[in-house]
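**Student:**
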Ligand code: AP5
Ligand code: MG
């Protein structure tokens with residue numbers, strides 16, 4: 023089973039592509055952003071701690087996200103994992119190596135989705151998600167087939183993320199440039215890194231990822 027990392031700035035399409043790989047290849051999406059939003063929604067102590075940091079678009083501490091990933095890895099011993107938005111710093115990359123090695127696993131690919139900043143802002147400010155099943159949509163790029171009704175589960179309730187506004191997006195992009203981009207050479211040196219053009223359609227980006235991963239087992 024493959025273990026892969028999807029990296030890229032906010033709105034690059036990590037979640038969209040991870041959901042597709044999960045459905046197509048039976049891999050498990052491990053999104054630290056989703057885990058932190060679940061912690062917030064449950065009102066847990068971790069959720070309370072990270073609320074203000076996330077709303078400002080800054081990065082949560084390495085210790086918190088690494089612990090969350092470790093728990094999830096233990097819950098999926100035999101699954102192929104798609105790390106979505108993790109690691110985001112060099113210490114997180116080093117921690118992931120250790121977490122995988124301790125479990126007799128290794129990374130197969132690290133894929134960055136490259137998208138221009140103006141496009142990122144458009145993608146993020148138009149994003150919304152089904153409140154019931156979590157399917158992701160976009161006002162212009164991926165609207166529901168019937169207005170106001172989820173294609174997948176038929177729910178009529180949708181949510182927009184609190185950090186999806188233009189001001190916070192700029193901070194999130196700056197965090198990516200300053201803290202995440204410097205971790206890419208770590209993977210280049212290991213020969214695991216590929217960059218794909220994330221500007222195309224969802225299907226075009228998916229085809230580039232599939233070419234890197236090879237045929238589904
Ligand atoms: P996280 O939830 O990971 O947010 P992010 O990295 O900012 O990325 P997004 O989820 O916003 O974008 P995405 O790349 O998944 O794009 P999507 O597929 O939705 O993190 C949120 C916060 O949590 C962080 O700011 C931080 O505070 C904290 N955090 C999380 N992980 C952390 C870590 N490891 N360390 C520290 N802190 C952490 O697509 C966006 C939109 O575009 C959608 O509407 C979609 O429909 C549309 N779209 C997708 N692909 C295409 C396409 N090819 N063409 C047109 N539209 C498209
Ligand atoms: Mg996401």
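Numbering (the numbering used here), first residue to last: 23 to 239.
Each residue gets a CB set at the ideal place from its N, CA and C atoms; glycine is no exception.
1) Quick check on the burial criterion: 16 or more other C-beta atoms within 10 angstroms. Buried or exposed for residue 149?
2) Residues bridged to residue 215 by DSSP?
3) What do you get for residue 106, buried or exposed, if any count of 16 or more other CB atoms within 10 angstroms of its CB means buried?
4) Return the residue from the list 173, 135, 144, 57 that minimises the CA-CA distance to residue 161.
5) Starting from the C-beta of residue 209, find all residues in its chain whose C-beta is less than 6 Å away, skip the five residues before and the five after it, and write them out in chain order.
6) Helix, strand or coil: which one does DSSP assign to residue 119?
7) Taking the CB atoms as reference points, tell me whether residue 103 and residue 49 lie closer together than 8 Å.
8) In terms of residue numbering, what span does the alpha helix (DSSP H) encompassing residue 84 cover?
9) Is it true that the CB of residue 159 sits closer than 8 Å to the CB of residue 31?
10) Would you mind working out which of 164, 125, 231, 152 sits nearest residue 93, comparing C-alpha positions?
11) Alpha carbon to alpha carbon, how far is residue 85 from residue 110? Give it in angstroms, no decimals.
12) Per DSSP, residue 51 is paired with what?
13) Using a Cβ-based criterion (distance less than 7 Å to any ligand heavy atom), does residue 76 qualify as near ligand 1?
14) Are the beta-carbon atoms of residue 73 and residue 59 separated by less than 8 Å?
15) I'd like to confirm something about residue 30: is its beta-carbon nearer than 7 Å to some heavy atom of ligand 2, or not?
16) Taking the continuous beta strand (DSSP E) assigned at residue 29, which residues delimit it?
17) How big is the Cα-Cα spacing for residue 170 and residue 178?
18) Run the CB neighbour count on residue 146, radius 10 Å, all protein chains shown included, and call it buried at 16 or more, exposed below.
**Tutor:** According to the structure shown:
1) buried
2) 132
3) With 16 or more Cβ atoms within 10 Å of its Cβ, residue 106 is classed as buried.
4) Closest in C-alpha terms to residue 161, from the list 173, 135, 144, 57, comes 144.
5) These residues qualify, in order along the chain: 132, 215.
6) helix
7) yes
8) 84-97
9) no
10) 125
11) 12 Å
12) DSSP, once it has assigned bridges, lists 104 as partnering residue 51.
13) yes
14) No, the pair does not count as a contact, with Cβ atoms beyond the cut-off.
15) no
16) From DSSP, the beta strand (DSSP E) with residue 29 extends over 25-29.
17) 6 Å
18) buried
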